[in-house]
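Student: Counting in our numbering, the sequence shown runs from 3 upward without gaps.
Attaching a single structure in structure tokens format; questions to follow.
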Amino acid sequence: MTGSAEPQLEIAAPALRGAAMPLLALTDISKRFRTDRQDTLALDRVSLDVRRGEVVCIVGPSGCGKSTLLNIAAGIDTQFDGTATFEGDPITGMGSERAVVFQEPALFPWLNVRANVEFGLKLRHVPKEQRKAIVDQQLALVNLTRFDRAYIHELSGGMKQRVQLARALAVEPHMLMMDEPFAALDAQTRDDLQLELQSVAQRLGATVLFVTHNVREAVILGDRVVVMSRGPGRVHRVIDVPLERPRTPDDHAVADYAAIVRAELQESSAEGEPRYAI
Ligand code: ADP
């Protein structure tokens with residue numbers, strides 16, 4: 003080796019380490035819920051890594067621990083066994099670098115659309131002009147520019163979810179965590195929002211952890227689909243979905259992958275143990 007090769011290696015090494023490190027690393031996560039009446043092992047040594055720029059969907063039957071896992075990743079639930087790190091640091095609570103979007107939009111009814119999206123930026127003391135530019139950009143991204151003065155009660159369910167997405171993205175999180183965000187919407191709106199989320203994620207290179215019980219949705223959105231089994235919640239299989247984007251529900255390849263995921267779900271339900279350990 004020549005003398006000049008060594009410094010180059012030294013410079014390259016940290017960068018390579020950074021690239022290889024998953025953004026979110028959940029390792030051997032177990033979670034038990036104890037109440038007076040029952041003791042539920044909701045997650046049993048679940049491990050899952052999410053890399054930067056990846057969309058990972060978690061799919062599984064109701065009660066398999068999807069939300070519990072997302073809550074741990076989001077820092078909403080900090081009582082668990084195992085290791086959860088984000089960008090290499092232990093997750094000890096919620097953080098602005100991880101934005102969470104729920105099924106029920108948590109918007110402020112007394113503020114209009116613009117003010118809702120602007121809210122987090124005001125909290126961070128972002129200057130007014132900059133706030134306006136960011137809000138304009140986010141509203142355009144989710145096709146809500148025309149509705150910026152509307153109040154929340156004037157919006158449809160799909161529009162409320164768009165506002166929620168714009169508000170989450172406005173603060174430039176490093177990761178979006180979405181828990182069944184489209185589950186309460188009608189089929190057409192759901193299809194539209196799946197397309198929009200794909201386009202937003204591609205344009206921003208966003209990293210997304212997305213919980214759903216809808217197999218087709220998981221295949222449309224996910225670069226990888228994590229199939230969970232229940233009783234207790236475990237990772238049964240992780241399936242890569244290397245299909246071109248945008249994907250729609252009518253794509254034959256989407257239907258083919260959905261069939262694979264469904265078969266895995268069936269297999270996983272056959273191997274589940276009784277749901278509650280008393
Ligand atoms: P999923 O999101 O896949 O439907 P959850 O993560 O909500 O599943 O729940 C996993 C298991 O943990 C279920 O058996 C559920 O009843 C139980 N569980 C979830 N939250 C609580 C809680 N706060 N107290 C007691 N049990 C809970």
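Don't be surprised by glycine CBs; every beta carbon is placed ideally from N, CA and C.
All figures in this text were calculated on a predicted structure; none of them were measured in a lab.
Report the CB separation of L146 from V128 in whole angstroms; it is logged as a contact under 8 Å.
Tutor: 20 Å between Cβ atoms; not a contact.
Student: Could you check if A255 is buried or exposed, using at least 16 other CB atoms within 10 Å of its CB as the buried criterion?
Tutor: Under this definition A255 is an exposed residue.
Student: Can you check which of these residues, G67, P24 and L211, is closest to G233 by C-alpha distance?
Tutor: Looking at the Cα atoms, G67 is the closest of the given residues.
Student: Go to R133, then tell me how far its alpha helix (DSSP H) extends in each direction, as first and last residue.
Tutor: Taken as a continuous stretch (DSSP letters only), the alpha helix (DSSP H) holding R133 covers K130 to L143.
Student: Which one of I241, R133 and D38 has the shortest CA to CA distance from R169?
Tutor: Per the Cα distances, R133.
Student: Are there any heavy atoms of the ligand ADP lying less than 7 Å away from the beta-carbon of S32, as far as the coordinates show?
Tutor: Result no, Cβ not under 7 Å from the ligand ADP.
Student: Mind checking whether the beta-carbon of C66 lies closer than 7 Å to any heavy atom of the ligand ADP?
Tutor: Checking the Cβ of C66 against the ligand ADP gives yes.
Student: Find out if the Cβ-Cβ distance for the pair V61, V229 is shorter than 8 Å.
Tutor: In contact: V61 and V229 (Cβ atoms closer than 8 Å).
Student: Can you tell me which residues form a DSSP beta bridge with C59?
Tutor: Answer is F212 and V227, bridged to C59.
Student: Can the beta-carbon of I154 be found less than 8 Å from the beta-carbon of L206?
Tutor: Result no, Cβ atoms of I154 and L206 do not sit closer than 8 Å.
Student: The alpha helix (DSSP H) that contains G122, what's its start and end?
Tutor: Its alpha helix (DSSP H) spans residues V115 to L125.
Student: Measuring only the C-alpha atoms, how far is R247 from F121?
Tutor: Roughly 32 Å separates the two Cα atoms.
Student: Which of helix, strand or coil does DSSP assign to A186?
Tutor: Three-state DSSP puts A186 in coil, outside helix and strand.
Student: Is the number of C-beta pairs between the segment 90 to 102 and the segment 46 to 60 that are closer than 8 Å three or more?
Tutor: Not touching, per the Cβ criterion.
Student: Rounded to a whole number of angstroms, what is the C-alpha to C-alpha distance between V227 and A142?
Tutor: One C-alpha to the other measures close to 29 Å.
Student: Taking the alpha helix (DSSP H) that R169 falls in, what are its first and last residues?
Tutor: Unbroken alpha helix (DSSP H) run through R169: G159 to A172.
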